[in-house]
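Only one structure is covered here, and it is reproduced in the block below.
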Amino acid sequence: MRAIDVHVHPSSRGLDRDACAYFTRELSEVPSTEDQFAELFVKQQVKALLIGWHPSTVKEETRNSNDYVIDLVARYPDAFAGVLASLDVGPESFVEILKQAEALSRNPRVKGFKFHPPDQNFYPNDRKYYALWELLAAARKPVMFHTGFTVLGANQEGGKGIGLDCGRPIHLDTLARDFPQMKIIAAHPGWPWQEELIGIVTHKKNVYVDTSGYLAEQLPELFQRAIRGRLQDKALFGTDFPYIDLEQALISFEKLGLKDAVKEKILLANAHNVFGLTQE
Ligand SMILES: [Zn+2]
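Note that the sequence shown covers residues 523 to 802 in my numbering.
Shown next as C-alpha cells:
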C-alpha cells in the first residue's frame with residue numbers, strides 16, 4: 523500500500539457541487555458510481571477513511587450517512603480502511619446523540635469520528651458537549667474537526683449561513699487540554715489561522731493535523747516547513763476527495779521533496795498509529 527488517505531468524502535453521495543466548482547473540479551471527472559469510486563483508490567494503492575457526514579449545503583438527492591459509508595467499507599475492503607462517523611449535534615436530544623456515539627464506537631469499521639463545527643454551528647470546546655468527548659475518548663476513538671476556511675457556502679450571500687469562527691483552531695487547544703487521552707485531528711492547515719494551528723499541534727501531544735483541502739505544493743509555506751520538521755510525526759496525508767483529486771494530490775505530495783522516512787510517516791505510519799490500523 524502506498525498511502526492512507528484520512529480525509530475522503532464519498533463522491534457517490536452527498537456531493538457539494540458548489541465546492542466542486544470552487545476547486546474547479548469537472549463533474550465528469552468525479553466518479554459517480556460506487557464501483558468507480560472504489561476502483562480509483564485501488565488503482566492508486568491508497569486506502570481511504572470515509573467520512574459519514576453530510577454537508578448542510580446539499581439539500582437534494584440521497585444523503586450521505588454513517589450507514590452508507592460503513593456499507594461501502596464492508597463491500598470494498600481493498601479501497602477503504604474504515605469510517606470516520608459523524609453525529610448531528612443540533613436538534614436531537616443529547617442522550618440520543620450519546621447513544622448513537624456509543625453504538626458507532628462499538629462498530630469495528632468505525633475508526634474515529636469527524637465533525638464540522640462551522641457547518642454544524644457549534645464550538646468543540648463548549649462544555650455542553652463534554653460528555654460526548656468523554657465517551658469517545660474512553661472508547662479510544664480519534665476525533666477529527668474541520669478547521670479554518672470552508673468551501674461550503676464560499677462566495678455565497680452570507681456564506682449560506684455558515685460562520686468560520688467555530689472552525690478556529692484555538693477552540694481545539696482547550697479541548698485537547700481537557701481531554702489529554704483523546705486524539706484530536708485538525709482537518710486542513712487551518713488557513714487563515716495556520717500559525718495558531720501549528721502552535722497548538724506543536725504544544726499538545728494529542729493534536730494532529732491532516733494535509734487535506736490542498737495540493738501539497740499549495741499548502742501554506744509555514745505549514746510545509748512544520749510538517750517537514752518538528753511536526754513530521756503529527757501530520758497525516760489527506761485529500762478531501764472528491765474536491766481534491768487523489769492522483770493529483772499524490773503527484774503534488776512528491777513535489778514537497780521530503781526525505782523518504784518523513785514521507786513514509788505522513789503517508790502511512792502516522793495514520794496507522796493514530797487510528798490503530800493494522801499494517802499491511
Ligand atoms: Zn472534507
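For glycine and all other residues, C-beta sits at the position ideal for the given N, C-alpha and C.
Any non-hydrogen atom of ligand 1 closer than 8 angstroms to residue i Cβ
i      : result
Gly735 : yes
Tyr652 : no
Ala607 : no
His668 : yes
Tyr544 : no
Asp762 : yes
His529 : yes
Tyr765 : yes
Ala709 : yes
Ile526 : no
Ile573 : yes
Beta-ladder partner(s) of residue i, from DSSP
i      : result
His668 : Ala709
Lys569 : Ile526
Val605 : Leu572 and Val632
Residue i in three-state terms, based on DSSP
i      : result
Gly634 : strand
Glu582 : coil
Asn588 : helix
His792 : It is Asn, not His, that sits at residue 792 in the sequence shown. The answer is helix: DSSP assigns Asn792 an H, G or I state.
Arg539 : helix
Ala661 : coil
Phe545 : coil
Glu614 : coil
Leu799 : coil
Leu674 : coil
Lys781 : coil
Pro640 : helix
Tyr645 : coil
Tyr598 : coil
Val564 : helix
Ser627 : helix
Ser533 : coil
Ser550 : helix
Contact test: residue i Cβ vs ligand 2 heavy atom, cutoff 8 angstroms
i      : result
Gly634 : As for ligand 2, it is missing from this structure, which binds only ligand 1.
Segments of 4+ residues assigned as alpha helix (DSSP H) that fall wholly inside the region 683-766: 692-700, 716-725 and 743-750
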